[in-house]
Structures are given as C-alpha cells and as structure tokens.
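Chains as they are written, first to last, in our numbering: chain A, 3 to 267; chain B, 6 to 369; chain C, 81 to 154. A virtual CB, placed ideally from N, CA and C, is assigned to each residue, including glycine. Keep in mind that this is a model prediction, so the values were computed, not measured.
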Amino acid sequence: MDVKDIIKPENLVYEKTKVLTKTTMHYCPGCSHGVAHRLIAEVIDNLDIQDKAIAVAPVGCSVFAYNYIDIDWQEAAHGRAPAVATGIARTNPDKVVMCYQGDGDLASIGTAEIMHACNRGEDIVVIFINNGIYGMTGGQMAPTTLVGQVTSTTPCGRDTALNGYPLKITELIAQLPGTSYVTRQAVHTPAAIRKTRKAITKAYENAMAKKGTAFVEIVSTCNMGWKMPPVEANAWMEENMFPFYPLGDMKNSEKGAVEECYKQN
Amino acid sequence: MGELRLMKGNEVIAEAAIRCGCDGYFGYPITPQSEVMETLMEREPWNETGMVVLQAESEIASINMLYGAAGSGKKVMTSSSSPGISLMAEGISYIAGSELPCVIVNVQRGGPGLGTIQPSQADYFQSVKGGGHGDYKMIVLAPASVQEMNDFVDLGFELAFKYRNPALILTDGAIGQMMEKVELSDYKPRMTDEEIDEKYGSWSTNGKKPNRERNIITSLEMQSDKMEAKNKRFQQKYAKMEVEEVRYEAIECDDADYIFVAFGSSARICQKSVELARAKGIKVGLLRPITLYPFPKKVIGEMAKHVKGFLSVEMSAGQMVEDVQLAVGCSCSDAKVEYFGRMGGIIPSPSEVVEALEQKLIGG
Amino acid sequence: MAKVKGAVVVDKEECKGCGLCVVACPYDVLAQNKQVNSRGYHFSFMENPDNCIGCTNCAVVCPDTCITVYRVKL
C-alpha cells in the first residue's frame, strides 16, 4: 500500500490538538516543555474545558506558555504563580485554574507561595517542571540541582558544603493536608508520556471536583543547560535524576480525608 | 441619608468594601491595619454578598492574589501598612504594567525599616513616585476622616476601573484607628460573571469563550519598541488623570497670605492651626490635596501668584514639599515654600505648626 | 507480520531536528534528514516508510507537535 493511500483523513490517528495554537514554540530542540504543554492542551481538549480553564505562566523558559495553549492566561511574577492562581480560583469557583512552574520558580523563589497554596488546599492544578537547573538565565544551579552536578554557578559541581542539598519539594508537598493528588512523572518515552497525560487528566478532574490541590511534577531535561543533545539528555536523566527523584504517585486521596485525621488530634 | 454608625477607620474600609460590591479581599495582618481583615472575617461577607476574604501567607502573596483576581475582571482589594506595602511593590508594578484595576490601602506607620506602629506619612514618595520598578503611577487618594475612608473605597474602585490602574488609599494609623461618625454607603450588588464578560471581556481572563480570542494578562514585552509604545500609552493615561482627576479641598484660602499644604492626618491638625493663626491675626488657609497623584499642582501654582508663602506640613521628613516647590516654581512666583513636620510616629500639634509658620515664613 | 500499516507526516518547517522521534520509533521508520529546513534543522522524515505501523510513538514524544499519524487496517 502506498503512503499516499494511507495519508487520508479517514485514517488519521494522531494530530495536533486544536487547543494548541499555531505558534511555533520558542523552546530549544527536544525540550520537555513542549511535550508538557501539548499534554495539558490535550487534556483540556479531552475534558472539553477550554472555556473554563485558566492558567498562570511563571517566570522562566515557560514564561511564554501563554503563546501556545489556547486558553486564558495570566503571567505571574517570579515564584508567585500559586498566589495568582489562588486569586483567580477563589473569585472564579466555577473555573479550573492551573499554574505551570519550573523548579527555580516553584522550589526556590516561590517556595512560600507553593507551600501555602497546597496547604490551603486550593482547588488548582500545579504542573511542576523539574529539570534541575535555571534554563532561561543560562543554566545556573537550582535548588533541585543534583549533588556534584555542573552548572554555570557550580562549575566544579554542586558542593553541599557551599550550596546545601537538592530539594525534594514534591515529597514535602505530599505531606500537606491540602493536596489531593501528588505525583512525579516524566516525558522521556512514549509510555512515560502516556502516563503523564493520565496524571494531568486526574489532576484536572481532582481540581474540578474540589478535592484539593493536584500536583504533578514532571522530571524534565534541559538539553541546552545540561549541554548535551536531547537523546543523550534523556539517558542522563534516567541514570542520574530518576534515582534521586523516583517516579510514581506519592499521594492519591482528597483533602477531606486528611481533615478527618486533623480533627481527631 | 445612609446608615449612620460610629466606627473605626479600618473597620469602615472593610464595611465599605462589602457594600460597594467588592468580589474579594486578600490580606496579611500588620499593625495598625489588622482590623480591616478582622472586621471582614467577622462580617462573613461570603454568606451575604459572595465576597471572598482570604488571609494570605504574606503581603507578597496577597498582592499576587489580587493580581490574579483583578486579571479575571473582579473587583478586589488588599490593605497593609508601610513595611507590607514595600513587600507588595513588585506586585503593584506588575499590576500597573498589566493594567489591572484594584484598590490597595496603606495605613501608614513610621519607618524606615520596621519603624514604629504609630501613624506616619513617610510613604508619600513610595506612593506617588512609584514604589516598585518601572515607569508607572498609582492613583493615590488621601482620606482625612473616617467618612472619607468609607467614600474613597468606592471612588478608588471607580477610578481604578476607569483607568485600568491600581488605586491606593494612603491613610495612616491615626485615621485607621480613630472612631468617628460615618454615613455608610448603600449596598451595590457584585457584578455577575455575565456582566464582567460584557464589560471587561476584551481583557479579563475568566475562561476563553468561543466567540473571542484568548485573553492574556502580562506585563512582559520582548521587543523594546513595543515596550516603549506601551509606556507611552501609560504616560498618556497618567496625563489624562492629571487633567481629569485632581481633587483637593481649599479651606479659608481666598484671603490668605499663607497656605498650609497638608493631607490626611496632618490636614486635620492644620485645620486647627488655621483657627489658631487667624485668632492671632495671621491670614492663613489650608490646601488639602485629596489626590496625591495626580497632585493639585495647578491650584497651588495659581495660589502662588497671590500668597506670600506655603508651609508643607507633613508627618515625614519633607517629601510632599518637593511637589509644592515644583508647583510654585513652575508658576514663576516668588512665594516661599517651607516644610514643617514630625517623624517616627509623632503627630505635630496645631500650635507647633503655627510656630513653624511664624518662624519659617513670617519671621524669616 | 503486522496487520496494520501506518504513515506519518512531519511538518518539516516546524521540526527542530531533536531526534527524539527517531529513537522513539520501534521500527526504525524515521531518520533525520541530511538536508536542513529553512531554520537550519535536520528535520525528521520517513526513511523506511514500509516499516511504519502507525503506533503514534513518534508523535507522542515530539516536543513540537509536528507529526501527524495515519493508520489503516490491512
């Protein structure tokens, strides 16, 4: 059978979702942001919530996320996305708000905002892109940078005596009673991506069902910051990131369940 | 006649917010303004009007909650006191840069740093000259009574939405804490989502409707020519405010040889000082700027042609006096401009203001 | 042998030549072109179209969503 006979509308099995805009993403080749954006757009499309989904973009490489997903967006100050999301969500309870943050944004400058939004149990979706580095500013050390990892501000590798330890913020967030669903996923293989799509779907469903904060970490690559080609970066991530940031669900409940145990104390 | 009550300034801010159809308040405790949020929490407006009240984890969070809610077209406010407003400076700059309407209340205390918890007016520069980064202005309203604390909440929102710009109510611990008779405003209903869509659908992020493009709230612009164009548009907006929104009160200025220029608490003191001075035979009046930005420079310039001098009376080291000097200087008048003030949370007494007038302007 | 046959269309101007689809393909269908697109990227193309089963793996891993997948049952 000729290729031309296969490429027909009736045989279509995968195409770009209409919730993604036509704008070419500014990300470097192979960047995990692209896949994460697409998954969010696909979930919004599948759940048919384009008219009620509002998102908050962070400061960092994904500051322009609003150019790519065709929903209403607000661009937050560095680290403040969860507070911005709180403001929107509280005053628009029939909408569903997502905040999209990198590790520099969420785990460093915005630690207070994310902790308290999760602790209050804001009914929002948080997508946390963890690539262990500050991508946009040129590959500096992030709180999530691994011990010994070379970055532009740890040229000899992260030294714990000088820089402290990599922060497993998702593990901390899983302890908070306001969170309903906390998971760590990746987007390096087709199987992992399909799992992440399910996780994001569940996160949106939880937020809409007012179960509390749904938090999805995506362990990601930063090819340019790590200074390696995309395929190599994926292998490096599997070998180095996953042992320290293991994939899987950390919590799957709802805030009400946790409240019960608080009442007993 | 509206409902009359004896209330604290801070409590009135809360009551006025509920009554003017405010959609949300986000705040963080700080003396001397904590009664604003306490009153709201006690009133539980979410049961009455659906207004959201939330205690944030910091002033940084509360101003960013305001940014989010304001971006979705909601009528929202926050309040704090001086150190808290400093923390909000980044967020205020973003709000101004994204052209969002909101009301911020600063119940000032003495600074710098942690300073005192007593009243002060030392955040004048911060309020009228910027505060955060970039070229922006806030509309700054300075109430001098508990009644104006009530009235300026509604006025603040009106101006904020008219210009899509943050409005600041710049008051201080004295007016926040004092009790006075107040005529409360009548209740206005909150806007429905449909009304918000209709009025602010061109920019508000309350869910992309099929009949419109997505809305994006951002202050970011990568191309400097576009950013400059945006700034020029902001400047036009501020110029319009300077023409249309100047508010002031002139007391016994018509025959005056000397003018006190004072706002808020200082203006109340100066009202008594006018009486004392006139009893001594000194013809003095009071010009009370109600909008600190836009500043009533034109009226001061006009007065400068007829009076011998101005005394800027402030609870700061002399900040507003610079704007008075500018206004007088621009009118090519020989009128003298002097400053008198107290700092650190001390309110000047009416008689020391008169003494300062005699020493600095009449005797000198 | 496979009872399905697939084909992919790569938007060659959108492709940034990251090569992730090449390694994601279980049947070595895709390769990076020796030529470059207008932005200078070695865009992906079907080097061995006969092998394609339309599994969508390439499209799923593509960060730039520039792959469309078709499949027919034989």
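Classify residue i as buried or exposed, calling it buried when 16 or more other Cβ atoms lie within 10 Å of its own Cβ.
i: valine 116(C); result: exposed
i: histidine 35(A); result: buried
i: alanine 59(A); result: buried
i: glutamine 76(A); result: buried
i: histidine 138(B); result: exposed
i: valine 248(B); result: exposed
i: asparagine 52(B); result: exposed
i: cysteine 63(A); result: buried
i: glutamate 200(B); result: exposed
i: methionine 6(B); result: exposed
i: cysteine 98(C); result: buried
i: glutamate 8(B); result: exposed
i: proline 166(A); result: As written in the sequence, residue 166(A) is glycine, which differs from the proline given in the question. Classification of glycine 166(A): exposed, given that the 10 Å Cβ count is below 16.
i: glutamine 52(A); result: buried
Return the chain-ordered list of same chain residues with a C-beta closer than 8 Å to the C-beta of residue i, the five sequence neighbours on each side being excluded.
i: methionine 348(B); result: Gly115, Ser125, Ala127, Met320, Ser321, Ala322
i: alanine 163(A); result: none
Leaving out the 5 sequence neighbours to the left and right, which residues in its chain are closer than 7 Å to residue i when beta-carbon positions are compared?
i: tyrosine 141(B); result: Ser98, Ala101, Gly102, Gly135, Phe239
i: alanine 194(A); result: Gln187, Ala188
i: asparagine 267(A); result: Below a pLDDT of 50, predicted positions are generally treated as unreliable, and asparagine 267(A), at 47, falls in that range; no measurement from the model is reported.
i: valine 90(C); result: Phe123, Ser124, Phe125, Cys146, Ile147
i: aspartate 159(B); result: Ala21, Cys25, Ser190
i: proline 355(B); result: Ile274, Lys277, Ser278, Leu281
i: threonine 147(A); result: Gly134, Ile135, Thr153, Thr156, Arg160, Pro168
i: glutamate 242(A); result: Before going further, note that residue 242(A) is asparagine rather than glutamate in the sequence given. Within the same chain, asparagine 242(A) has close Cβ partners Leu148.
i: alanine 75(B); result: Val81, Ile100, Leu105, Pro106, Cys107
Which residues mark the beginning and the end of the beta strand (DSSP E) in which residue i is found?
i: phenylalanine 345(B); result: 341-346
i: serine 182(A); result: 181-188
i: alanine 57(A); result: 55-59
i: phenylalanine 31(B); result: 29-32
i: valine 108(B); result: 107-113
i: serine 124(C); result: 124-126
i: lysine 6(A); result: Run containing lysine 6(A): none in the beta strand (DSSP E); it sits in the alpha helix (DSSP H), 5-8.
i: tyrosine 16(A); result: 14-16
i: tyrosine 29(A); result: Unbroken run through tyrosine 29(A): none, as it is neither H nor E.
i: valine 359(B); result: Element bounds for valine 359(B): not the beta strand (DSSP E) but the alpha helix (DSSP H), 355-362.
Could you pull the start and end residues of the alpha helix (DSSP H) that residue i belongs to?
i: methionine 117(A); result: 113-122
i: serine 98(B); result: 87-102
i: arginine 196(A); result: 192-210
i: tyrosine 72(B); result: 64-76
i: methionine 42(B); result: 40-48
For residue i, which residues from the same chain have a beta carbon less than 6 Å from its beta carbon, with the 5 sequence-adjacent residues on both sides left out?
i: methionine 100(A); result: Ala57, Val127
i: methionine 184(B); result: Leu11, Lys13
i: methionine 226(A); result: Cys30
i: glutamine 152(B); result: Val187
i: valine 41(B); result: Asn15, Ile18, Ala19, Ser84
i: glutamate 94(C); result: Asp144, Cys146
i: lysine 120(A); result: Looking at the sequence provided, one finds cysteine at residue 120(A) rather than lysine. For cysteine 120(A), where only same-chain residues beyond five positions count, the Cβ hits under 6 Å are Ile175, Leu178, Gly180, Thr181, Thr215.
i: lysine 302(B); result: Ala332
Report the option in the options whose CA atom is closest to the CA atom of residue i.
i: threonine 181(A); options: Thr19(A), Val189(A), Ala205(A), Leu249(A); result: Ala205(A)
i: methionine 82(B); options: Gln182(B), Pro299(B), Leu59(B); result: Leu59(B)
i: serine 63(B); options: Ala94(B), Phe130(B), Lys214(B), Phe265(B); result: Ala94(B)
i: tyrosine 150(C); options: Gln112(C), Met126(C), Cys98(C); result: Met126(C)
i: tyrosine 129(B); options: Ile201(B), Gly55(B), Pro299(B); result: Pro299(B)
i: glycine 159(A); options: Thr26(A), Gly141(A), Thr172(A), Arg122(A); result: Gly141(A)
i: isoleucine 274(B); options: Val145(B), Tyr243(B), Ala149(B); result: Ala149(B)
i: leucine 331(B); options: Ile351(B), Ile305(B), Lys310(B); result: Ile305(B)
i: glutamate 363(B); options: Gln324(B), Val329(B), Gly314(B), Thr44(B); result: Gly314(B)
i: glutamate 226(B); options: Leu22(A), Val61(A), Lys54(A), Asp50(A); result: Val61(A)
i: isoleucine 73(A); options: Gly134(A), Ile135(A), Val45(A); result: Val45(A)
i: glutamine 324(B); options: Val266(B), Leu291(B), Lys303(B), Ser356(B); result: Val266(B)
i: arginine 92(A); options: Gly123(A), Thr156(A), Thr113(A); result: Gly123(A)
i: methionine 143(A); options: Asp107(A), Ala55(A), Asp7(A), Cys33(A); result: Asp107(A)
i: alanine 165(B); options: Val108(B), Lys285(B), Pro353(B), Phe268(B); result: Val108(B)
i: serine 209(B); options: Tyr253(B), Gly290(B), Pro106(B); result: Pro106(B)
If you measure from the CB of residue i, is any heavy atom of the ligand MG nearer than 7 Å?
i: glycine 116(B); result: With respect to the ligand MG, the structure shown offers nothing to examine, as it has no ligands at all.
- Query: Can you list, in chain order, the stretches of the alpha helix (DSSP H) that have 4 or more residues and sit fully within the region 259-341 of chain B?
  - Reply: Runs of the alpha helix (DSSP H) inside the region 259-341 of chain B: 269-284, 302-309, 325-335.
Q.
If we require 4 or more residues per run, which alpha helix (DSSP H) segments fall completely within the region 34-102 of chain A?
A. Qualifying alpha helix (DSSP H) stretches, in chain order: 34-49, 83-93.
Q: Taking only runs that begin and end inside the region 163-232 of chain B, name each unbroken alpha helix (DSSP H) of 4 or more residues, in chain order.
A: The qualifying runs are 178-182, 198-205.
Worksheet item: Which whole runs of the alpha helix (DSSP H) in the region 221-252 of chain A are 4 residues long or more, in chain order?
Response: Runs of the alpha helix (DSSP H) inside the region 221-252 of chain A: 225-228, 232-238.
Runs of beta strand (DSSP E) wholly within the region 106-149 of chain C (minimum 3 residues, chain order): Runs of the beta strand (DSSP E) inside the region 106-149 of chain C: 110-112, 124-126.
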